[in-house]
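Input: a single structure, listed below in structure tokens.
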Amino acid sequence: MSRTLAVLGGERAFAELLHVGRPNIGDREYLLSRINEALDRRWLTNHGPLVREFEERVAEISGVKHCVAMANGTIALEIAIRAAGLTGEVIVPSFTFVATAHALQWQQITPVFCDVDPRTHTLDPKRVEELITPRTTGIIGVHTWGRPCDIDALTALAERHGLTLLFDAAHAFACTYRRKGIGGFGLAETFSFHATKFVNCLEGGALVTNDDELARTARLKQNFGFVNLDTVTHVGTNGKMNEFSAAMGLTNLKNLCALVEHNRTLHAAYREHLSGLPGVTFMEYDDAERNNYQYVIVEIDAGEAPLTRDELVQVLFAENIRARRYFYPGCHRMEPYASMFPENDVLLPETERLSNRVLALPTGETLSTADVAKVAGVIRDALAQAEAVRSALRGSASRAVSAPPSA
Ligand code: T4K
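Just so you know, we're using this note's numbering here: the sequence shown kicks off at 98 and counts up by one.
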């Protein structure tokens with residue numbers, strides 16, 4: 098029996114806000130005991146024992162030689178870019194979180210935006226090749242939603258043109274590509290362990306690599322360039338992770354299998370409840386690989402679905418379900434890039450299309466399969482009553498409904 102939607106005057110489906118990216122906390126006793134250890138030691142940052150343990154675990158799970166834990170995913174990317182010696186122009190997708198582009202522009206390197214493959218949402222290698230110029234020094238692929246880029250094609254392309262290949266693996270910790278851990282591809286890869294990621298360090302990130310020299314340089318750059326107490330050999334910054342962050346990360350890692358399994362169960366539940374809806378495409382993961390299932394992504398086709406993605410967002414917000422329009426708009430529509438490259442609106446058709454179709458739904462430790470059934474039920478009901486919903490959104494009721502945020 099369907100309930101009355103909040104936009105049509107019914108009760109909200111959830112009394113409290115349901116977020117995409119609600120932090121996973123895990124075993125609080127364990128977390129507090131690890132924090133207490135650090136307090137007892139009075140060793141709070143600067144490559145302390147908890148950070149070293151976290152680095153070892155991340156390297157082991159990713160199957161790589163080196164992990165340098167960082168203060169966040171953005172600085173991990175900035176340091177990877179700098180340690181790899183990138184300059185001039187670097188090819189990146191526009192369909193990504195803006196940190197990927199900013200990490201370049203912050204260092205006076207021009208991000209050259211490339212379109213994505215509409216099936217995979219990741220860099221289209223054919224389009225990448227068209228953008229290579231004499232100023233190009235590298236390519237940064239993004240394993241969007243934890244689904245790996247076409248790594249083989251990008252690796253071959255980078256080798257053919259003598260370019261450095263890096264991966265922004267912010268979404269892809271604990272995933273594999275051809276059964277090999279994400280982390281070991283390109284010259285280096287970077288993870289984000291932000292509070293909203295399925296393994297979180299409050300704020301945190303990591304650079305992972307099998308390259309000894311890159312790891313050494315990255316570690317120096319992360320710590321002001323100090324090689325010992327008094328000697329500085331590199332321009333550096335402060336990108337260090339602190340001990341409390343590592344304690345949070347270790348707490349999530351202790352629970353890693355259960356976290357992934359829970360995400361997988363919720364993902365499967367969404368798939369079941371959302372199947373067969375007109376104009377709604379559910380993003381699948383390749384079950385032959387290891388995935389973290391941390392994103393539940395649907396695409397709403399404005400031509401086929403009775404409501405647009407943005408109308409659905411308004412319906413969901415009214416129910417206290419904070420579904421997110423990742424990545425809307427594409428980076429090329431954000432400043433300074435929109436002014437730098439006004440022509441990108443027409444040069445990136447797939448990015449434009451995706452950024453108007455994609456919707457991220459809540460998942461993670463704080464949700465149950467019953468919650469998923471409720472969220473999916475709202476989507477089903479809204480699509481089934483599209484005409485009434487649309488006129489409510491247009492009419493007086495819409496004034497009471499929070500509009501989706503503009504970015
Ligand atoms: N590359 C890629 C591809 C990335 O996706 C990201 C980050 C990066 C690089 C950079 O990594 P970091 O430097 O961030 O480590 C969120 C995250 O802030 C961001 O880390 C993430 N990607 C991006 C995809 O999503 P916002 O601005 O959309 O959402 P935010 O942080 O406001 O949080 C989302 C929701 O989560 C909120 O509505 C409320 C809830 N929330 C958030 C926090 C922080 C909580 O319930 N508790 C919390 O503590 O960026």
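The beta-carbon is built from N, C-alpha and C at its ideal position, and this holds for glycine as well. This one's a predicted model, so the numbers in the text were calculated from it and none came from an experiment.
Classification of residue i by the beta-carbon crowding that lies within 10 angstroms, buried from 16 upward
i: Asp327; result: exposed
i: Asp478; result: buried
i: Ala338; result: Looking at the sequence itself, residue 338 is Met, so the reference to Ala does not match. Under this definition Met338 is a buried residue.
i: Pro502; result: Summary for Pro502: the model assigns pLDDT 49, below 50, so the residue's position carries little reliability; its value from the coordinates is reported in the next sentence. So Pro502 ends up on the exposed side.
i: His268; result: buried
i: Cys354; result: exposed
i: Val492; result: The sequence shown places Gly at residue 492, rather than the Val named in the question. The residue is exposed, with fewer than 16 neighbouring Cβ atoms inside 10 Å.
i: Gly301; result: buried
i: Met437; result: exposed
i: Ala497; result: The predicted model places Ala497 with a pLDDT of 49, which falls under 50 and marks its position as unreliable, so this point remains unresolved.
i: Lys223; result: exposed
i: Leu490; result: buried
i: Ser465; result: exposed
i: Gly278; result: buried
i: Leu451; result: buried
i: His258; result: exposed
heavy atom of the ligand T4K below 7 Å from residue i C-beta
i: Asp265; result: yes
i: Asn349; result: no
i: Ile342; result: Sequence inspection shows Ser at residue 342; the Ile mentioned does not correspond to that position. Flag unset: Cβ of Ser342 not near the ligand T4K.
i: Val469; result: no
i: His218; result: no
i: His505; result: There is no way to answer for residue 505, as the model of the chain reaches only from 98 to 504.
i: Asn307; result: no
i: Ser289; result: yes
i: Pro120; result: yes
i: Phe194; result: yes
i: Arg244; result: no
i: His448; result: Sequence inspection shows Thr at residue 448; the His mentioned does not correspond to that position. Checking every heavy atom of the ligand T4K against the Cβ of Thr448, none is found closer than 7 Å.
i: Asn169; result: yes
i: Val472; result: no
i: Leu456; result: no
i: Arg419; result: yes
i: Ala112; result: no
i: Thr460; result: no
i: Tyr423; result: yes
i: Thr334; result: no
i: Gly123; result: no
i: Leu251; result: no
According to DSSP, residues forming a beta bridge with residue i
i: Arg419; result: His116
i: Asp265; result: Val239 and Thr287
i: Thr233; result: Glu186
i: Lys277; result: Tyr274
i: Ala457; result: Ile394 and Arg421
i: Thr378; result: Glu396
i: Leu220; result: Val213
i: Phe323; result: Val329
i: Lys337; result: Met167
The alpha helix (DSSP H) enclosing residue i, as first and last residue numbers
i: Ala166; result: Counting along the chain, Ala166 falls outside any alpha helix (DSSP H), though it belongs to the beta strand (DSSP E) covering His163 to Met167.
i: Glu432; result: Taken as a continuous stretch (DSSP letters only), Glu432 belongs to no alpha helix (DSSP H), as it is neither H nor E.
i: Val486; result: Ala483 to Arg491
i: Cys354; result: Leu353 to Leu371
i: Val148; result: Pro146 to Ser159
i: Asn133; result: Arg125 to Arg138
i: Asp442; result: Asn441 to Leu444
i: Lys257; result: Checking the sequence, you will find Arg at residue 257 rather than Lys. That run of the alpha helix (DSSP H) goes Ile248 to His258.
First and last residue of the uninterrupted beta strand (DSSP E) at residue i
i: Ile172; result: Unbroken run through Ile172 is the alpha helix (DSSP H), Gly170 to Ala180; no beta strand (DSSP E).
i: Thr193; result: Looking at the DSSP string, Thr193 is not in any beta strand (DSSP E), and its letter there is neither H nor E.
i: Gly302; result: Gly302 to Thr306
i: Ala385; result: Unbroken run through Ala385: none, as it is neither H nor E.
i: Val329; result: Here Val329 belongs to no beta strand (DSSP E), and DSSP marks it neither H nor E.
i: Pro208; result: Thr207 to Cys211
Rounded Cβ spacing between residue i and residue j (contact assumed at less than 8 Å)
i: Thr184; j: Thr261; result: Contact flag wrong, Cβ pair sits at about 10 Å.
i: Gly123; j: Ala135; result: The Cβ separation is near 17 Å, so there is no contact.
i: Ala111; j: Glu408; result: A small correction: the amino acid at residue 111 is Phe; Ala does not occupy that position in the sequence shown. 19 Å between Cβ atoms; not a contact.
i: Ala344; j: Leu128; result: 6 Å
i: Asp398; j: Arg487; result: The pair is not a contact, with the Cβ atoms about 16 Å apart (cut-off 8 Å).
i: Val165; j: Asn307; result: Actually they do not touch by this definition, with Cβ atoms about 13 Å apart.
i: Leu57; j: Ile206; result: As displayed, the chain neither begins before 98 nor continues past 504, which places residue 57 out of reach and without an answer.
i: Val225; j: Phe192; result: Wrong, their Cβ atoms sit about 13 Å apart, outside the cutoff.
i: Ala473; j: Tyr367; result: 6 Å
i: Thr219; j: Arg244; result: 7 Å
i: Phe210; j: Pro231; result: Between Pro231 and Phe210 the Cβ distance is about 19 Å, and since that is not below 8 Å, they are no contact.
i: Asn349; j: Asn297; result: 6 Å
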